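Asker:
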Amino acid sequence: MSEHCPCRSGLQYSLCCGPYLNGTAIPDSPEALMRSRYSAYVMQDTRYLVATWHPSCHAERFSAAIEESYPSTQWLGLTLLSHETVPESNQGYVTFFARFTENGRESFIHERSRFLREEQRWYYIDGTFPPIGRNDQCPCGSGKKYKKCCGHS
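Take 0 as the starting number for the sequence shown in numbering that gives the first Met the number 0 and just add one per residue.
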């Protein structure tokens, strides 16, 4: 029996993010790393999350906080909006929208993540939060205006 990957690629977990999380493969692009990190949050794999943060972030400091969030957080879906690689700078960017509930309240993360490639390996380094206007199309992919969808109070 095969299950779909939590990253919503449409592939089976064993053919998508599974090999990354179990250590038999390394993501070959910022998009693959972003998808696998989302899957790691869903699968509650702190070890993988820490290992895929750039070493300069000292992500081991976040381990306890990440693990404390697991019981109260349920991940509902990931939508990748764009991705690009800048080979001459060994950087890549992925803009995504991820929905989740935390303590029963629905919320989301909309981020433009930055990734660095060092020694043939991609790492998450940081992210910025793109502005969304109330009348912009909602980044969740619903087709509705932001104010009528995820931006309602």
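Even for Gly, the Cβ is constructed at its ideal location relative to N, Cα and C. Note that the coordinates shown come from a computational prediction; the quantities given were computed from them, not determined experimentally.
Could you check the C-alpha separation between residue 104 and residue 19 for me, to the nearest Å?
Answerer: One C-alpha to the other measures close to 30 Å.
Asker: Does the count of Cβ pairs from the segment 41-57 and the segment 13-29 closer than 8 Å reach three?
Answerer: Touching, yes, given that three or more Cβ pairs across the two stretches are closer than 8 Å.
Asker: Apart from the five residues just before and just after residue 88, which ones in its own chain have a Cβ nearer than 7 Å to its Cβ?
Answerer: Answer for residue 88: no residue qualifies.
Asker: Can you give the Cα-Cα distance for residue 111 and residue 31, rounded to whole angstroms?
Answerer: Answer to the nearest angstrom: the Cα atoms are 15 Å apart.
Asker: With a cut-off of 8 Å, do at least 3 Cβ pairs link the segment 60-72 to the segment 135-148?
Answerer: Touching, no.
Asker: Closest to residue 102 by CA distance: which of 12, 24, 71 and 124 is it?
Answerer: When only C-alpha atoms are compared, the closest one is 71.
Asker: Check each candidate in 119, 28 and 131 and name the one with the smallest Cα separation from residue 108.
Answerer: For residue 108, the nearest C-alpha among the options comes from 131.
Asker: CA-CA distance, residue 80 and residue 96?
Answerer: C-alpha separation (whole angstroms): 7 Å.
Asker: Looking only at its chain, what residues have a beta carbon closer than 8 Å to the beta carbon of residue 5, apart from the 5 residues adjacent to it on each side?
Answerer: Closer than 8 Å at the Cβ level, and outside the excluded window around residue 5, lie 12, 16, 37, 38, 41, 42, 74 and 77.
Asker: Quick one: using the 10 Å Cβ neighbour count with 16 as the cut-off for buried, is residue 9 buried or exposed?
Answerer: By the neighbour-count rule (16 or more Cβ atoms within 10 Å), residue 9 is not buried but exposed.
Asker: Let me know the beta strand (DSSP E) ranges lying completely inside the segment 29-73, each 3 residues or longer, listed in chain order.
Answerer: Taking only runs of at least 3 residues, no beta strand (DSSP E) segment lies wholly in the segment 29-73.
Asker: Where does residue 118 fall in DSSP's three states?
Answerer: Residue 118: coil per DSSP, three-state reduction.
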